[in-house]
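Asker: Residue numbers (this note's numbering): 709 to 1094.
Ideal placement from N, C-alpha and C gives every residue a C-beta, glycine not left out.
All values derive from a computational prediction rather than experimental measurement.
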């Protein structure tokens, strides 16, 4: 039960669900309507009609670019993709140390080192232009760090970024060493755009809390990455595919789902803490998956249909739909991304949304400092003698 400065109690829900903590002009999620937006635009419509750089520009500058602005912004961010020499030299050791934990764990260390190498200073001490320059540099280098860490862990040499490829295509190129087919690059780009921002989720809120202290931009992003790594946040796309693997064949769908739903277990890829309708991102990604077609897609669609039917039967009155992770995993699998790179790919997009929120938070000098309800033994108790 947090308190005001006058010590008057204020009842709030667990997890701060529904609590308004600040004003923002970046975007919002309207869970009851099944809609979310970046600035004034539908996020799904942006994913269907614009490129990643356009949306990045929108998040940082508040407006979609015209042709000249797009060319300048794309050239500027592409030039920032290369790693500082001291960071590149340290990556093999970071990759070895994080071999069991994966690229996202390595990214925390590598991005922190990148910020230190670049001389990132506390946001509190910087002008808005300098903050934005740091944010551009951090966002541009994240795909390079992620793909280099992944390749080094596989015993492969990192692939240098290309300036002539857009953000998503360059990401796939650095991951595989081959220029991706346009249809796959565009599918991944649409996924990346759809996950740039999504309201005050756990990682975004974490980034803003750290930003409110005036810390440097890398510190804010490292905290956000830590929050994203949790299975209940960004760690679910590969687990949704693991569910499909566990079911195995169409004849096992109903039995497997009944067993796990009846046991009260969570079915990865279903349900969302905000949406009470179909997740608009999942609808778009399902369409992308179906444009590829194949056995995996047909099987995923069948599991979705039976899961929703059985959830309605076994959990009446509790409406549950697939969330973004369910078909995100299918799309990334079809585009050739290894499962250990699913959540890192999420981070390669969300870093732009985190940074936009950090820049906005940095304009407010008030530190975020809530209270907690103490439920321990009544104080004060005399301290016993040693």
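Buried or exposed: which applies to residue 914, given that a residue is buried once 16 or more other Cβ atoms fall within 10 Å of its Cβ?
Answerer: buried
Asker: Just how far apart, CA to CA, sit residue 1091 and residue 724?
Answerer: Answer to the nearest angstrom: the Cα atoms are 35 Å apart.
Asker: Taking C-beta to C-beta, are residue 1039 and residue 895 nearer than 8 Å?
Answerer: yes
Asker: How would you label residue 752, buried or exposed, when you count the other beta carbons within 10 angstroms and need 16 or more for buried?
Answerer: buried
Asker: Which class does residue 820 belong to by DSSP, given the choice of helix, strand or coil?
Answerer: helix
Asker: In the DSSP output, which residue or residues are listed as bridge partners for residue 736?
Answerer: 745
Asker: DSSP three-state label for residue 902, please.
Answerer: In the three-state reduction of the DSSP assignment, residue 902 falls in the helix class.
Asker: Could you say which of 1034, 906, 1023 lies nearest to residue 738 if we only look at CA atoms?
Answerer: Closest in alpha carbon position to residue 738, among 1034, 906, 1023, is 906.
Asker: Measure from the alpha carbon of residue 794 to the alpha carbon of each residue in 965, 1013, 821, then state which is nearest.
Answerer: 821
Asker: Nearest-angstrom Cα distance between residue 1069 and residue 964?
Answerer: Approximately 45 Å, taken between the alpha carbons.
Asker: Mapping the DSSP letters down to three states, classify residue 750 as helix, strand or coil.
Answerer: strand
Asker: Comparing C-alpha positions only, which one of 1067, 936, 1016, 994 sits nearest to residue 1054?
Answerer: 936
Asker: My understanding is that residue 831 touches residue 919, with C-beta atoms under 8 Å, so please give their C-beta distance in whole angstroms.
Answerer: 6 Å
Asker: Could you tell me the alpha carbon to alpha carbon distance between residue 790 and residue 718, rounded to whole angstroms?
Answerer: Each residue's Cα considered, the two are about 49 Å apart.
Asker: Using a threshold of 8 Å, state whether the C-beta atoms of residue 912 and residue 1065 are closer than that.
Answerer: yes
Asker: Indicate the three-state DSSP secondary structure (helix, strand or coil) for residue 828 in the structure shown.
Answerer: Of the three classes helix, strand and coil, the one that applies to residue 828 here is coil, per DSSP.
Asker: Spatial neighbours of residue 840 within its chain, please: C-beta separation below 7 Å, excluding the five flanking residues on both sides.
Answerer: 768, 1067
Asker: I'd like to check one pair, residue 975 with residue 1014: are the Cβ atoms closer than 8 Å?
Answerer: no
Asker: Within a Cβ cutoff of 6 Å, which residues of the same chain sit near residue 982, ignoring the five residues on either side of it in sequence?
Answerer: Summary for residue 982: the model assigns pLDDT 49, below 50, so the residue's position carries little reliability, and this model does not support an answer.
Asker: Do the CB positions of residue 855 and residue 883 come within less than 8 Å of each other?
Answerer: Yes, Cβ-Cβ distance for residue 855 and residue 883 is below 8 Å.
Asker: Mark residue 987 as exposed unless 16 or more other C-beta atoms lie within 10 angstroms of its C-beta, in which case mark it buried.
Answerer: buried
Asker: Can you give me the C-alpha to C-alpha distance between residue 1024 and residue 968, rounded to a whole angstrom?
Answerer: So the alpha carbons of these two residues sit roughly 16 Å apart.
Asker: For the alpha helix (DSSP H) that contains residue 842, what are its first and last residues?
Answerer: Start and end: 836 to 861.
Asker: Taking residue 735 and residue 747 to be in contact with their CB atoms under 8 Å, please state how far apart those CB atoms are, rounded to whole angstroms.
Answerer: 6 Å
Asker: Along the chain, where does the alpha helix (DSSP H) containing residue 882 start, and where does it finish?
Answerer: 875 to 884
Asker: Hey, residue 1037 and residue 924 are a contact pair by Cβ (cut 8 Å); roughly how many whole angstroms apart?
Answerer: Their Cβ separation, rounded to whole angstroms, is 34 Å, which puts residue 1037 and residue 924 out of contact at 8 Å.
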